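Numbering (my numbering), first residue to last: 42 to 284. A virtual CB, placed ideally from N, CA and C, is assigned to each residue, including glycine. Owing to the predicted nature of the structure, the values given are computational and were not obtained by experimental measurement. First comes the structure, then the notes that go with it.
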Amino acid sequence: MSSTHFGFQTVDETEKAKRVRGVFDSVASRYDVMNDLMSMGMHRAWKKYTVAVANLKPGQRVLDIAGGTGDLSRAFAREVGESGMVVHTDINEAMLRQGRNRLLDEGLVLPTNLCDAEKLPYKSESFDLVSVAFGLRNMTLKDVALAEMCRVLKPGGRLLVLEFSKVAAPLAKPYDWYSFNILPKLGQLIAGDAESYRYLAESIRMHPDQQTLKAMMKTAGFGHVDVHNLSAGVVALHAGIKC
42 MSSTHFGFQT
52 VDETEKAKRV
62 RGVFDSVASR
72 YDVMNDLMSM
82 GMHRAWKKYT
92 VAVANLKPGQ
102 RVLDIAGGTG
112 DLSRAFAREV
122 GESGMVVHTD
132 INEAMLRQGR
142 NRLLDEGLVL
152 PTNLCDAEKL
162 PYKSESFDLV
172 SVAFGLRNMT
182 LKDVALAEMC
192 RVLKPGGRLL
202 VLEFSKVAAP
212 LAKPYDWYSF
222 NILPKLGQLI
232 AGDAESYRYL
242 AESIRMHPDQ
252 QTLKAMMKTA
262 GFGHVDVHNL
272 SAGVVALHAG
282 IKC
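Structure below.
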């Protein structure tokens, strides 16, 4: 059997999805509160920038992968209007339920599907835009998932990957100190779970850096990929065009 990483641990590929599911089952109910605390509210600006780069038009079709509590799905739905469609998906049922309920509470009814990004249950060339925010690093076979995202996009369609990335060198040491000392304590205080947030910090360090992910997207079938570093590289938005 093949092995992969779960944070800094080496695990069998078949075990990673189960372990990631456990992390998000644990934190789902406090996920949004923790996002605000961890990022000091910056995650809202990062997502707003992603929506601006998406530049969606009324009537377009969007697939939001790892959509979680629905922030991007909600914003995309406003852009495509009633003539368009946004499909809100996640592999984790607890996270998907949180997002669906939030969207319903706001009077927004979107197609909501539990699905694995490595095996998307959609026809080829079905969407104008695919997005995945803070979810790619948790996927076991990232190359397979990226190829699937490319498959379901129409020619000329775009993939937006918003993800933690490699921070600028002068900030590396303080960022590491915050990630491994403060973040788990916040997780324990707010979500009652330090270990899940320790994993999240570790998973960021194991995720491909900006140039590596750009190369992976090109290999998956994206002819042009732009990289937008946000907050000194704490987060990067990769925008790929299917040619």
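Ranked by Cα distance from A118, the first of V150, N142, I106 is V150. Cβ neighbours of V128 within its own chain (closer than 6 Å, five residues either side excluded): L104, P152.
Here the C-alpha atom of L271 lies approximately 34 Å from the C-alpha atom of S43.
In the DSSP secondary-structure assignment, A174 is bridged to L203. DSSP, read as helix, strand or coil, puts P99 in coil. The C-alpha of Y163 lies about 23 Å from the C-alpha of Q139. Secondary structure at K183: helix, using DSSP grouped into helix, strand and coil. Cβ atoms of P225 and Y216 stay farther apart than 8 Å, at about 15 Å. Taking 7 Å as the cut-off, the beta carbon of Y72 is found closer than this to the beta carbon of T110. In the DSSP assignment, M126 falls within the unbroken beta strand (DSSP E) covering 126-131. Among the bridge pairs identified by DSSP, T153 is matched with H129.
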